[in-house]
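Q: Each residue of the sequence shown is one higher than the last, beginning at 380 in the working numbering.
Could you have a look at this structure, given as structure tokens, before my questions?
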Amino acid sequence: MNKDAQMRATINQKLIETGERERLKDLLRAKLIECGWKDQLKAHCKDVIKEKGLEHVTVDDLVAEITPKGRALVPDSVKKELLQRIRTFLAQHANL
Numbered sequence: 380m381n382k383d384a385q386m387r388a389t390i391n392q393k394l395i396e397t398g399e400r401e402r403l404k405d406l407l408r409a410k411l412i413e414c415g416w417k418d419q420l421k422a423h424c425k426d427v428i429k430e431k432g433l434e435h436v437t438v439d440d441l442v443a444e445i446t447p448k449g450r451a452l453v454p455d456s457v458k459k460e461l462l463q464r465i466r467t468f469l470a471q472h473a474n475l
């Protein structure tokens, strides 16, 4: 395992142990619902299913189709807030 991967694993483990990972996930869910992301992605899913036909779309196909758009639709403000919270967490747990 290279140094970056090892550091990521250590940070992820600390996030899990402290419960911060779940708090960040809950915050992300709330922010995405609040900004309309969930509704936009749901509409995109419906469009893809209509276009391809329900019997011709698998869950894996749908996930592959909507993932890039889902990532692109996340507002920068949400990304910045999560990044800031992670940075604050890391500063408080600098002994990683």
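Glycine residues also receive a C-beta, built at the ideal position from the N, C-alpha and C atoms.
Bear in mind the structure is a predicted one, so any value in this text is a computation, not a measurement.
Leaving aside the five residues before and after Pro454 along the sequence, list all residues of the same chain whose C-beta is less than 7 Å from its C-beta, in chain order.
A: Within the sequence shown, numbered from 1, the residue matching residue 454 stands at position 75. Here the set comprises Cys414.
Q: Let me know the alpha helix (DSSP H) ranges lying completely inside the segment 392-442, each 4 residues or longer, listed in chain order.
A: 399-413, 416-431
Q: Drop a sphere of 10 angstroms on the beta-carbon of Gln462, count the other beta-carbons inside from all chains shown, and report buried for 16 or more, exposed for fewer.
A: Position 83 of the sequence shown, counting from 1, holds the residue named residue 462. Inspection of the sequence shows that residue 462 is occupied by Leu rather than by Gln. Classification of Leu462: exposed, given that the 10 Å Cβ count is below 16.
Q: For Ala451, does the three-state DSSP call read helix, strand or coil?
A: In the sequence shown, counting from the first residue as 1, residue 451 sits at position 72. In the three-state scheme derived from DSSP, where H, G and I count as helix and E and B as strand, Ala451 is classed as helix.
Q: May I have the straight-line CA-CA distance separating Lys417 from Arg464, to the nearest angstrom?
A: Locating residue 417 in the sequence shown gives position 38, counting from the first residue. Locating residue 464 in the sequence shown gives position 85, counting from the first residue. Rounded to whole angstroms, Lys417 to Arg464 spans 22 Å at the Cα level.
Q: Look at the alpha carbon of Met386 and the alpha carbon of Leu407, and state the distance between them as a whole number of angstroms.
A: As a position in the sequence shown, residue 386 is number 7, starting the count at 1. As a position in the sequence shown, residue 407 is number 28, starting the count at 1. Looking at the two C-alpha atoms, the distance is approximately 23 Å.
Q: Spatial neighbours of Leu441 within its chain, please: C-beta separation below 8 Å, excluding the five flanking residues on both sides.
A: Position 62 of the sequence shown, counted from the start, is the residue given in the question as residue 441. These residues qualify, in order along the chain: Cys424, Val427, Ile428.
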